[in-house]
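Reviewing the structure listed below.
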Amino acid sequence: MKRYKDLDCVLLVDDDVSTNFIHRRIVENTKINVDVKEISSAKEALDYLTYSGKYENMEHAPKAGIIFLDINMPGMNGWDFIAEYKKLDEKHKARIVVVMLTTSLNPDDEQHAANVEEIATYLHKPLNMEAFAKIADKYFEVINEE
Numbered sequence: 002m003k004r005y006k007d008l009d010c011v012l013l014v015d016d017d018v019s020t021n022f023i024h025r026r027i028v029e030n031t032k033i034n035v036d037v038k039e040i041s042s043a044k045e046a047l048d049y050l051t052y053s054g055k056y057e058n059m060e061h062a063p064k065a066g067i068i069f070l071d072i073n074m075p076g077m078n079g080w081d082f083i084a085e086y087k088k089l090d091e092k093h094k095a096r097i098v099v100v101m102l103t104t105s106l107n108p109d110d111e112q113h114a115a116n117v118e119e120i121a122t123y124l125h126k127p128l129n130m131e132a133f134a135k136i137a138d139k140y141f142e143v144i145n146e147e
């Protein structure tokens with residue numbers, strides 16, 4: 002199993018439970034040693050990153066290295082998440098790679114994502130093992146390979 006420096010956890014942020022389940026299996030099948038946390042709302046993802054809400058006093062939880070973020074979610078959508086994420090203290094977002102992962106075919110969404118510094122890349126669903134491994138290899142240093 003491969004292990005990367007600063008990649009302890011992958012955060013799947015999507016309101017569709019079955020999509021999160023599928024993406025969890027894809028990440029697990031890449032044989033990369035990483036925890037996977039499924040979260041169904043952008044607000045909850047912000048709470049996870051800042052140890053607030055139901056994650057208060059959980060500083061020991063694995064720190065997210067990659068966030069796969071859906072755009073279209075009820076309440077706070079992916080763009081709203083990014084707006085709030087930008088406001089976070091650096092300690093809550095240091096070394097996090099944000100990937101927009103969406104079914105949106107709107108070219109404006111892809112262009113918008115390309116112009117947002119906090120978004121590393123924009124991918125269409127579903128996530129696949131090759132895309133996940135490529136992101137891990139691009140943004141993180143391998144520290145152990147068994």
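Add 1 to a position in the sequence shown, counting from 1, and you land on the number used in the working numbering. Yeah, the Cβ is synthetic: ideal placement off N, Cα and C, and Gly gets one too.
Along the chain, where does the alpha helix (DSSP H) that runs through residue i open and close?
i, result
"V18", "18 to 30"
"L50", "43 to 51"
"A137", "130 to 140"
Buried or exposed for residue i, please, with buried defined as at least 16 other CB atoms from any protein chain shown within 10 angstroms of its CB.
i, result
"T104", "exposed"
"A65", "buried"
"G79", "buried"
Quick one: Cα of residue i to Cα of residue j, how far?
i, j, result
"N129", "R25", "10 Å"
"A115", "Y123", "8 Å"
"A43", "I144", "31 Å"
"M59", "Y52", "6 Å"
"T31", "D109", "31 Å"
"V28", "A95", "22 Å"
"F141", "E91", "18 Å"
May I ask which residues mark the beginning and end of the beta strand (DSSP E) holding residue i?
i, result
"T103", "98 to 103"
Between residue i and the rest of its own chain, which residues show a CB-CB distance below 7 Å, the 5 nearest in sequence each way excluded?
i, result
"E39", "L13, N21, R25"
"D36", "D9, C10, P63"
"E146", "K3"
With DSSP as the reference, please indicate the residues paired to residue i in a beta bridge.
i, result
"V117", "According to DSSP, V117 bridges with nothing at all."
Quick one: residues in its chain with C-beta nearer than 8 Å to the C-beta of residue i, no 5 flanking neighbours on either side, listed in chain order?
i, result
"A46", "L12, V14, I40, I68, L70, F82"
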